[in-house]
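Engineer:
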Amino acid sequence: MAARYLKNQRLPAVRLWQSMMISSENAGGRAISTSSARFQETPNSKVEEAEPVDKPSPKDRTRILVLGGNGFVGTHVCKEALERGLPVMSLSRSGRPRLTESWVNDVIWLRGDLFEADQWKDQLSEVTAVVSCVGGFGSNAQMRRINGDANIAAIDVSAEKGVQRFVYISAADFGLPSFILKGYYEGKRAAEDALRSKFPYSGVILRPGFIHGNRKVGSMTIPLSAIGTPLEFVMKNLKPVTQLPLIGPLLIPPVKVTAVAKAAVRAAVDNAVPPGVVDVWGIMRLGDRT
1 MAARYLKNQR
11 LPAVRLWQSM
21 MISSENAGGR
31 AISTSSARFQ
41 ETPNSKVEEA
51 EPVDKPSPKD
61 RTRILVLGGN
71 GFVGTHVCKE
81 ALERGLPVMS
91 LSRSGRPRLT
101 ESWVNDVIWL
111 RGDLFEADQW
121 KDQLSEVTAV
131 VSCVGGFGSN
141 AQMRRINGDA
151 NIAAIDVSAE
161 KGVQRFVYIS
171 AADFGLPSFI
181 LKGYYEGKRA
191 AEDALRSKFP
201 YSGVILRPGF
211 IHGNRKVGSM
221 TIPLSAIGTP
231 LEFVMKNLKP
241 VTQLPLIGPL
251 LIPPVKVTAV
261 AKAAVRAAVD
271 NAVPPGVVDV
281 WGIMRLGDRT
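Per the UniProt record's numbering, the very first residue in the sequence shown carries number 1; after that it's consecutive.
(1) Buried or exposed, going by whether 16 or more other CB atoms sit within 10 Å of the CB of residue 160?
(2) As a quick exercise: from 84, 85, 94, pick the residue whose alpha carbon is nearest that of residue 69.
(3) Return the chain-ordered ranges of every alpha helix (DSSP H) run that is complete within the UniProt domain "NAD(P)-binding" (68-215) and spans a minimum of 4 residues.
(4) Where do the ends of the alpha helix (DSSP H) carrying residue 280 lie?
(5) So what's residue 257 in DSSP terms, helix, strand or just coil?
(6) Taking DSSP as the reference, what is the three-state secondary structure of residue 269?
(7) Exposed or buried, residue 63, counting other C-beta atoms within 10 Å across all chains shown (16 or more means buried)?
(8) If the criterion is Cβ atoms closer than 7 Å, does the pair residue 287 and residue 259 meet it?
(9) Rounding to the nearest angstrom, what Cα-Cα distance links residue 272 and residue 282 in this structure?
(10) Have a look at residue 77 and residue 141 and give me their C-alpha separation to the nearest angstrom.
(11) How do the segment 150-158 and the segment 105-112 stand: do at least 3 beta-carbon pairs fall below 8 Å, yes or no?
(12) Going by the beta-carbon positions, is the gap between residue 206 and residue 278 smaller than 7 Å?
(13) Which residues share a DSSP beta bridge with residue 64?
(14) So, with DSSP's three-state summary, where would you put residue 44?
(15) Taking the CB atoms as reference points, tell me whether residue 130 and residue 157 lie closer together than 7 Å.
(16) Buried or exposed for residue 201, please, with buried defined as at least 16 other CB atoms from any protein chain shown within 10 angstroms of its CB.
(17) From 127, 71, 184, pick the residue whose C-alpha is nearest to that of residue 137; which is it?
(18) Between residue 190 and the rest of its own chain, which residues show a CB-CB distance below 7 Å, the 5 nearest in sequence each way excluded?
(19) Cβ of residue 66 within 7 Å of Cβ of residue 90?
(20) Using CA atoms only, rank isn't needed, just tell me which of 211, 182, 180, 269 is closest to residue 74.
(21) Going by Cα to Cα distance, which pick from 101, 133, 81, 121 is closest to residue 208?
This is how it looks when you write it as structure tokens:
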């Protein structure tokens with residue numbers, strides 16, 4: 001009876017949270033796919049828009065590579081890095097996003113599959129830090145592959161090529177029953193474990209909850225902030241309450257996409273940001289700094 005009561009009490013909040021998360025990570029478009037079978041490329045090409053370069057000396061390795069840089073969070077990370085004066089490359093299956101803002105022209109947009117490292121690993125010779133925004137929803141197997149295996153592949157290759165820092169945008173733990181979004185969280189945590197192993201002194205894990213902001217899809221703007229802003233205002237000072245059993249984790253506040261982007265870029269370039277997990281309140285603090 002107790003288990004049945006607990007399930008009945010939590011499912012409404014779970015459904016609300018799940019709909020918010022899907023809107024945040026996949027609103028107005030599809031999640032990044034890592035299926036190499038659907039990646040279209042010419043037989044002799046490895047990475048679109050990339051030209052061979054001589055391997056630079058370590059002092060010249062100043063570029064940031066954003067994985068999934070054409071998505072909701074990824075585009076904000078690219079824009080934030082440019083505003084800091086940093087050269088930026090983005091890698092995704094679809095390449096350049098359908099945005100008309102002028103800053104888009106300043107990013108090198110690459111097309112590639114994370115499971116096909118030969119397509120893109122040579123680009124890491126130019127890279128100081130990698131920020132991964134790769135994630136998505138689907139069946140448990142799909143979520144485990146997208147959120148876990150794809151990021152693990154990127155982490156392994158980045159470590160092999162000598163990348164200095166790696167930032168992974170993961171997800172907060174809302175204390176949901178294990179059968180809800182099982183593959184999603186299994187994938188996220190597996191990627192976190194891989195990052196701790198390969199980048200023990202320079203791997204940073206950001207764990208936001210619901211990420212909100214105005215998402216542009218073509219000429220249309222999706223106002224995720226209409227939900228996120230008031231919730232963040234109310235919930236951001238409730239950190240002690242989130243330690244309560246059962247309902248506490250569900251009160252983790254939303255966070256602005258611009259704050260996540262600022263925190264990610266800062267973690268990528270600032271050695272003062274220590275390795276390990278940064279929770280939503282840490283993201284807010286990093287995002288508030290210039």
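Backbone N, C-alpha and C define an ideal beta-carbon position, used for all residues, glycine too.
Structural biologist: Concretely, from the data shown:
(1) So residue 160 counts as exposed.
(2) 94
(3) 72-83, 140-143, 150-160, 182-198
(4) 280-288
(5) helix
(6) helix
(7) buried
(8) Closer than 7 Å, so yes.
(9) Taking the CA atoms as reference points, residue 272 sits about 14 Å from residue 282.
(10) 28 Å
(11) Touching, no.
(12) yes
(13) 88, 129
(14) Because residue 44 carries a pLDDT of 40, less than 50, the predicted location of this residue cannot be relied on, and no value is offered for it.
(15) no
(16) exposed
(17) 184
(18) 148, 152
(19) yes
(20) 211
(21) 133
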